[in-house]
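Per my numbering, the very first residue in the sequence shown carries number 2; after that it's consecutive. Data first, discussion second: the structure below is written as structure tokens.
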Amino acid sequence: MKVPRLAAIAVLLAPIPFVGAAEPVGAAQVHAVFAHGHLRVYECCSFLSPSHTVIVDFSKHLVLTHARPTEHFWVKGCAGDQARGELRVDLRLTESEEVVTKARLKLYEGSTCDNLDLDGADSRSTVTGEGQSRRLLFEVWNDEFHSNDTATADFTVGQNPGAPPEPSNLVAGRVPGNSGKISLDWVDQATDETGYEILNTSTGQIARLAPDSSHTFWYQPIVYRTCFQVRAVNAQGSSSWTPVSPTAECV
Numbered sequence: 002m003k004v005p006r007l008a009a010i011a012v013l014l015a016p017i018p019f020v021g022a023a024e025p026v027g028a029a030q031v032h033a034v035f036a037h038g039h040l041r042v043y044e045c046c047s048f049l050s051p052s053h054t055v056i057v058d059f060s061k062h063l064v065l066t067h068a069r070p071t072e073h074f075w076v077k078g079c080a081g082d083q084a085r086g087e088l089r090v091d092l093r094l095t096e097s098e099e100v101v102t103k104a105r106l107k108l109y110e111g112s113t114c115d116n117l118d119l120d121g122a123d124s125r126s127t128v129t130g131e132g133q134s135r136r137l138l139f140e141v142w143n144d145e146f147h148s149n150d151t152a153t154a155d156f157t158v159g160q161n162p163g164a165p166p167e168p169s170n171l172v173a174g175r176v177p178g179n180s181g182k183i184s185l186d187w188v189d190q191a192t193d194e195t196g197y198e199i200l201n202t203s204t205g206q207i208a209r210l211a212p213d214s215s216h217t218f219w220y221q222p223i224v225y226r227t228c229f230q231v232r233a234v235n236a237q238g239s240s241s242w243t244p245v246s247p248t249a250e251c252v
């Protein structure tokens with residue numbers, strides 16, 4: 002026999018104190034990093050052929066966390082089937098919530114685009130905090146006779162305000178004397194959230210709560226096992242669900 006689907010209502014009450022072990026506030030902080038710019042490669046003319054230029058625009062969006070604090074990307078372009086520019090950008094999140102950017106532009110020149118004849122390189126690095134951005138400029142050239150090839154790069158890297166850190170220590174329990182009332186408590190780890198969402202993973206229903214919440218009630222008769230997750234949200238996105246498993250905290 003199929004169990005009928007029951008409506009559930011979540012009612013927001015004023016937060017109440019909850020004692021439990023808490024992770025560091027920044028432990029799950031998501032850092033949204035962007036890099037926008039272009040790579041330009043110029044292959045100079047010869048007696049019998051004109052010069053060639055290729056411009057590669059790029060717009061990268063990456064996410065760094067303390068669980069995955071590093072990322073990198075490549076931008077490559079070849080002009081005239083001879084001059085190749087390669088830009089590698091490495092990003093690393095520090096414990097102080099800053100992002101270290103290290104980038105290196107290389108110029109290769111030969112008879113084909115996949116040649117390994119390195120003619121020069123240029124390296125730059127910078128550090129950005131949340132909401133900050135920095136512009137980086139690169140130039141490499143080959144001044145051989147009749148081979149004035151160049152590679153330049155110009156891009157801006159920075160941090161957008163990220164999604165809030167995830168809450169921790171979600172605890173669900175039936176209220177003594179009222180079996181249809183479920184108490185939900187968690188630790189509020191965020192400082193920039195615009196609200197919280199409670200997910201009943203058994204029914205798929207979501208209740209939306211005000212910022213700075215750490216407690217609510219969910220009304221549902223004892224019909225079947227019911228499990229919950231909670232997450233913080235803001236204009237930049239949402240945190241991960243707590244707990245990670247949708248069936249870890251149940252009543």
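Even for Gly, the Cβ is constructed at its ideal location relative to N, Cα and C. Owing to the predicted nature of the structure, the values given are computational and were not obtained by experimental measurement.
Starting from residue i, follow the beta strand (DSSP E) in both directions and report where the run begins and ends.
| i | result |
| --- | --- |
| Y43 | H32 to E44 |
| L119 | L119 to T129 |
| T151 | S148 to N161 |
With distances taken Cα to Cα, identify the nearest neighbour of residue i among the options.
| i | options | result |
| --- | --- | --- |
| G174 | A249, A233 and D58 | A249 |
| Q230 | Q221, T243 and V100 | T243 |
| P70 | V252, D58 and L94 | L94 |
| T153 | C251, D58, C46 and P51 | D58 |
| Y43 | S203, H62, E140 and V234 | E140 |
| I199 | A211, D193 and Q190 | A211 |
| A104 | V128, P177 and V176 | V128 |
| I223 | S124, Y197 and G181 | G181 |
| T102 | D120, R135 and N116 | R135 |
| F35 | K61, C46, L49 and G121 | K61 |
| D155 | L137, S148, Q221 and N143 | L137 |
Take residue i and list the residues in its own chain whose beta-carbon comes closer than 6 Å to its own, dropping the five residues that flank it on each side.
| i | result |
| --- | --- |
| V172 | D186 |
| D82 | C114 |
| G130 | E99 |
| E87 | K77 and K107 |
In the structure shown, what three-state DSSP assignment does residue i receive?
| i | result |
| --- | --- |
| L138 | strand |
| V172 | strand |
| N116 | coil |
| E110 | strand |
Starting from the C-beta of residue i, find all residues in its chain whose C-beta is less than 7 Å away, skip the five residues before and the five after it, and write them out in chain order.
| i | result |
| --- | --- |
| E72 | L63, L65 and L92 |
Under 8 Å Cβ to Cβ from residue i, same chain only, skipping five residues before and after it: list those, please.
| i | result |
| --- | --- |
| T54 | R41, V42, Y43, E44 and A80 |
| L119 | K107, L108 and Y109 |
Give a single yes or no on whether residue i has its beta carbon closer than 7 Å to a heavy atom of the ligand ATP.
| i | result |
| --- | --- |
| L106 | The ligand ATP is not among the ligands present in this structure, which contains no ligands whatsoever. |
(message) Restricting to runs no shorter than 3 residues, where is the beta strand (DSSP E) found entirely within the stretch 53-103?
(response) 53-65, 71-80 and 84-94
(message) I'd like the ranges of any beta strand (DSSP E) spanning at least 3 consecutive residues and lying wholly in the stretch 181-246.
(response) 196-201, 206-210, 216-220 and 229-235
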